[in-house]
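Notes follow the structure.
Number of protein chains: 2
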Amino acid sequence: MTQPVDTLVRGTLVNVNTGNLEERPVAIDDGTIVALDERPAERELHANYIAPGLIDAHMHVESSMVTLPQYADAVVPNGVTSVVHDPHEIANVIGATGVRAVIQDAEQTPLKARFTVPSSVPASDLQDGGATLPPDLVTALLEEPNVVALGEVMDIPGLLAGDEDVHAKVRAARERGLTVDGHMPRVTGDDLQEAARYLDNDHESITLAEAREKADVGLHVYLREGSSSKNLAELLPLTEEVDTRRLSLCTDDREVTDIVDRGGIDFAVRKAIQEGADPVEAVQMATINTAENYDLPFGKVEPGAPADLVLLEELDSWRVDDVLIDGELNPTEDGHTPSPTNIPTDTVEFPSVSAPDLAITAPDGHGRGAHVRVIDAVGGLQTEPMIAEVPVRDGTLTPKPNEDLLSLAVIERHGGKGGIGRGFVHGLGLDRGAVGSTIAHDAHNCVVAGADYTAMAAVANKLKELDGGVVAYDPVDDEFASLALPVAGLMSSEPIETVYEQFETVESHAARIGMAETGLMELSFLALEVIPTYRLTNNGLVDVTDGKYVDVTVSEHTEEQGPDADRRSIPDDSVSEP
Amino acid sequence: MTQPVDTLVRGTLVNVNTGNLEERPVAIDDGTIVALDERPAERELHANYIAPGLIDAHMHVESSMVTLPQYADAVVPNGVTSVVHDPHEIANVIGATGVRAVIQDAEQTPLKARFTVPSSVPASDLQDGGATLPPDLVTALLEEPNVVALGEVMDIPGLLAGDEDVHAKVRAARERGLTVDGHMPRVTGDDLQEAARYLDNDHESITLAEAREKADVGLHVYLREGSSSKNLAELLPLTEEVDTRRLSLCTDDREVTDIVDRGGIDFAVRKAIQEGADPVEAVQMATINTAENYDLPFGKVEPGAPADLVLLEELDSWRVDDVLIDGELNPTEDGHTPSPTNIPTDTVEFPSVSAPDLAITAPDGHGRGAHVRVIDAVGGLQTEPMIAEVPVRDGTLTPKPNEDLLSLAVIERHGGKGGIGRGFVHGLGLDRGAVGSTIAHDAHNCVVAGADYTAMAAVANKLKELDGGVVAYDPVDDEFASLALPVAGLMSSEPIETVYEQFETVESHAARIGMAETGLMELSFLALEVIPTYRLTNNGLVDVTDGKYVDVTVSEHTEEQGPDADRRSIPDDSVSEP
């Protein structure tokens, strides 16, 4: 006589253990799968297909601009029941406190978030972020609940050169039996072989050859389908070339619009199938493969596993009817209210600014114009160095919007040592006004670009007033469009649909004043001082090629002195000291 | 400029990560694989194929009758570089002390032995073994180095009934993130579904349907190729039906003759390929699949992994040229001497016996013969109940070798509470003399069968003198043939070839006095009181069907009283009290 259970689900099971589709009921009791067989049940559910809940192998919730509880409400209905979350941006703002807070957030949501401890905070010592995570803090965080890995190790040169801090973090993870995530864009050949000794996986491949080389040296390869990095279609033929058990799907950075319009990691599963992947293998890449990589207790449908199930109308299009997490049906629906966040909401702190604070004093001996170094935002996240002439008015260098030469300022916003970096940017397209954001990778200072210093100061002060966010300002009607992101200055506690609408409003407003389509996204990377070529930090303009500050103004002898002229290790007067 | 390394191996790599054969050199430095690529090297090795060292997923070294260091010398040259060893027999003799000793043994051999903690010691409370492992001791042993799992859980009825001791052991393993090995012969349907909630794997399948059912419910299925259980050929079609990542190869119990003549787990790989398995999948089943199941750091060839490699002349026939472990070439050859064992060698302790000690007093009112219950050894490990008439001489029941009715005695040999169980056995075939062994699953008391009590006493005393072993005695020329197994009374510290020869000598001697071909093996299971039907323990004859002692002598009214007559819970006079 078989024991009665509380729930029986009937349908075709996507058995990720065997790789087969099987007619097989799933019996659930008290949140756990107790049998793959008939049982008398209080409740029967029917589905065309039953799959394990999906796992996003690597993601940063910050990219969605909502908190983890709100993110859960957005993706759980799509069949995403777990994410492996690297709180890299939160850590750059609030350090270990932030990491602990987001781990607490996860305990209050049905989504099973697991965590990797950010390994590369700060990105460099050229900028002042809100916090750093030295090896001792990383080690302490590795002991926190639901931590499954050391987060993506980005400092590959340091790793290869034997940098003690990098290796201390890797060792700390290994000693605890945890996975070590890699971040190896375009790392190849000898460097890849060496890095693979220490790292377990990589999600940065953009070509099939790159992914194949990584798989061959034993790395677990993640096929990424994010917002700016959509690599899945290119990499999918790898499933024909190597044992798929060591392939996973991830989103990495996926923006609010993509999540609302297309979904999270469920979109990657759907797309993989549409692109020709075997449906069961596609599901395996977002369930058991990832679970095995991080030693997660779910991601499969078998007796003893938690009842995290997706009930599908159709497998190939990933059309979801219902979702169970620990046996609970559609846990984010019907009166469910996402929990408030534990992450601080008062992280934007700097003295109010006025136009002169953001202006660059013209060098001695200028005429009516001066040559300056300009960050040329050429598309994607890339920048090129550029030299241009800008007008001098009242002793200051001023933007020249009719030639798309805008002023740029990066204001230290963590209540630290202060400092405002000033410079010029080309490519954002503003005709008037200003835009700004407290999302400014990785230090997440306050970045503002504008056609005049007054508008820029207004935007900066608005961002301060909001405790962070994204703002566009049109001086013609003195109107702001704002998305408040008070959670670490990166995220909102509002529902994702609200954030989506407000973000669209800011984008429209920015477009009205002339901003290029991808301008807001590019803006948030203009301060990332580890991607070539020019970037602006709160300490001044950086030439990433050699990791040195450079003057904004070009001295008269530059051409004679060659390209290395004006290199310096301390900021010039385009930076205000605190 | 690439760093020079100490060793470069050239050949076709069996890449178990990708599932492909690839032309790819393996660069090794200081025992670790540092690259799958060209490197300047102090030493170059060439092979037709390079595979990771093989792992036996489940084995008991005791079955080989040699210590782990000697076992290593036997199998490492075949490309076996690791075993997952369940010291179940050692634990039955010397408990936690024995488990700790064999773990110490492993530290002194190149073979990378990992351990599972025996979960089912004793097999029952009907017999007195040398030691027990209650939950607290099991829990303590789970903390020992190189322990990777709770050993095969045999008490499935207890598990299903919620037995607290069984579940305490399972929980202790789970809390430590360790695997839980199963032992589920013929467990099916609801029982299997329930057992699968707690257990991770099983190696007991004998039919394809049985194995398939286990795979379907998420169990990692081991295809076994032991000495008495050769299941590989039957189960191999499973590789066509399910994702092979969750299949492994194991030997379980493999005897000295098979190991010397055919090999260890390497034989299973060879046989799988011969039976039609894809060679790379066959290697995966004895390397990465097992490594992932137990979270072992080897079993794959990739940068960062230990250099455990098999250099093969031919892949399909698994013809081995050389073996590296941690980069050391053929570590068991050239002047290598296996370490002495840490396991006690003085475990056979009982007072010397004489013929009357082993004889059964005839019941009152007997004539010249009496009816007795006989263990009928029908082949394999099975026994059937049998009733026969034996002669009465001088007031004792005596064997009747001309009808293959031999006397049997089980002497408590652990220096415990003593007790000699006495009975009769049919099917061993002895014409004269006696045979005996201190290998007597699971309690490993001293078991002796013979055509007369004097010969039996001589054999028992010889076993005591040897500190354990296997002995055959021919009274015609008063000659013993002996294999001394002083290590826990189960194993020898001598090289496996020596043990092989001595065992052959004992077998020949036993054959000379009429013993059936498989008699010695059957003898060592006649005391295993958990396999139906009749078994003899040191406490008397047991009917395993209901786990009760029964009288050897059949009372006159038995037929009228039905089959349950003579059931009792305390031994009768066929058992000597201490």
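Chains as they are written, first to last, in our numbering: chain V, 1 to 578; chain F, 1 to 578.
By construction, the Cβ of each residue, glycine as well, lies at the ideal position given by its N, Cα and C atoms.
These numbers come from a predicted model, not from an experiment.
Per DSSP, what are the beta-bridge partners of residue i in this structure?
i, result
"alanine 362 of chain F", "In the DSSP output, where bridge partners are listed per residue, alanine 362 of chain F has none listed."
"alanine 472 of chain V", "V:Val435 and V:Ala481"
"glycine 379 of chain F", "F:Gln382"
"methionine 59 of chain F", "F:His85 and F:Asp252"
"lysine 230 of chain F", "F:Glu225"
Output yes if chain F places a C-beta closer than 8 angstroms to the C-beta of residue i; else output no.
i, result
"tyrosine 198 of chain V", "yes"
"valine 83 of chain V", "no"
"lysine 169 of chain V", "no"
"threonine 2 of chain V", "yes"
"threonine 18 of chain V", "yes"
"glutamine 193 of chain V", "yes"
"asparagine 15 of chain V", "yes"
"glutamate 517 of chain V", "no"
"glutamate 22 of chain V", "yes"
Let me know if residue i comes out buried or exposed under the rule of 16 or more other beta-carbons within 10 Å of its beta-carbon.
i, result
"histidine 426 of chain F", "buried"
"valine 476 of chain F", "exposed"
"proline 87 of chain V", "buried"
"histidine 46 of chain V", "exposed"
"glutamine 274 of chain V", "exposed"
"asparagine 15 of chain F", "buried"
"serine 555 of chain F", "exposed"
"serine 354 of chain F", "exposed"
"serine 508 of chain F", "exposed"
"arginine 186 of chain V", "exposed"
"glycine 98 of chain V", "buried"
"threonine 239 of chain V", "buried"
"glutamine 3 of chain V", "exposed"
"arginine 176 of chain F", "exposed"
"threonine 7 of chain V", "buried"
Could you please give the first and the last residue of the uninterrupted alpha helix (DSSP H) stretch that includes residue i?
i, result
"leucine 480 of chain F", "As written in the sequence, residue 480 of chain F is phenylalanine, which differs from the leucine given in the question. No alpha helix (DSSP H) holds phenylalanine 480 of chain F; the beta strand (DSSP E) holding it covers 479-484."
"tyrosine 294 of chain F", "288-294"
"proline 495 of chain V", "Run containing proline 495 of chain V: none; DSSP gives neither H nor E here."
"arginine 176 of chain F", "Unbroken run through arginine 176 of chain F: none, as it is neither H nor E."
"phenylalanine 298 of chain F", "Neither: phenylalanine 298 of chain F is in no alpha helix (DSSP H) and is coded neither H nor E."
"proline 279 of chain V", "279-285"
"tyrosine 71 of chain F", "68-75"
"valine 256 of chain V", "256-262"
"arginine 212 of chain V", "208-216"
Any beta carbon from chain V within less than 8 angstroms of residue i's own beta carbon?
i, result
"glutamate 465 of chain F", "no"
"threonine 545 of chain F", "no"
"threonine 12 of chain F", "no"
"proline 563 of chain F", "Unreliable positioning characterises proline 563 of chain F in this predicted model, as indicated by a pLDDT of 48, which lies under 50. The coordinate reading is nonetheless provided below. Not closer than 8 angstroms to any Cβ of chain V, the Cβ of proline 563 of chain F fails to qualify, so no."
Tell me the residue span of the beta strand (DSSP E) that contains residue i.
i, result
"histidine 426 of chain F", "420-426"
"threonine 97 of chain V", "Note, threonine 97 of chain V: premise wrong, no beta strand (DSSP E); alpha helix (DSSP H) at 88-107."
"phenylalanine 115 of chain V", "112-117"
"arginine 270 of chain F", "Note, arginine 270 of chain F: premise wrong, no beta strand (DSSP E); alpha helix (DSSP H) at 265-274."
"glutamine 382 of chain F", "382-393"
Output yes if chain A places a C-beta closer than 8 angstroms to the C-beta of residue i; else output no.
i, result
"alanine 307 of chain V", "No chain A appears in this structure, whose protein chains are V and F."
Positions along the segment 31-63 of chain V whose CB lies within less than 7 angstroms of some CB in chain F
Val34, Ala35, Leu36 and Asp37
Compile a chain-ordered list of the residues in the segment 211-225 of chain F whose CB is closer than 7 angstroms to at least one CB of chain V.
Ala215, Asp216, Val217 and Gly218
Contact set between the segment 129-163 of chain F and chain V, restricted to residues whose Cβ is under 7 angstroms from the partner:
none
Using Cβ-Cβ distances below 8 angstroms, what residues of the segment 221-251 of chain V are close to chain F?
Glu241, Val242, Asp243, Arg245 and Arg246
Return the residues of the segment 174-190 of chain V that lie within a Cβ-Cβ distance of less than 9 angstroms from chain F, sorted by chain order.
From the segment 174-190 of chain V, only Gly177, Gly189 and Asp190 have a Cβ closer than 9 angstroms to chain F.
Of all the residues that make up the segment 289-309 of chain F, which are near chain V by a beta-carbon distance shorter than 9 angstroms?
Cβ contacts with chain V come from Glu292, Asp295, Lys300, Val301, Glu302, Pro303, Gly304 and Ala305.
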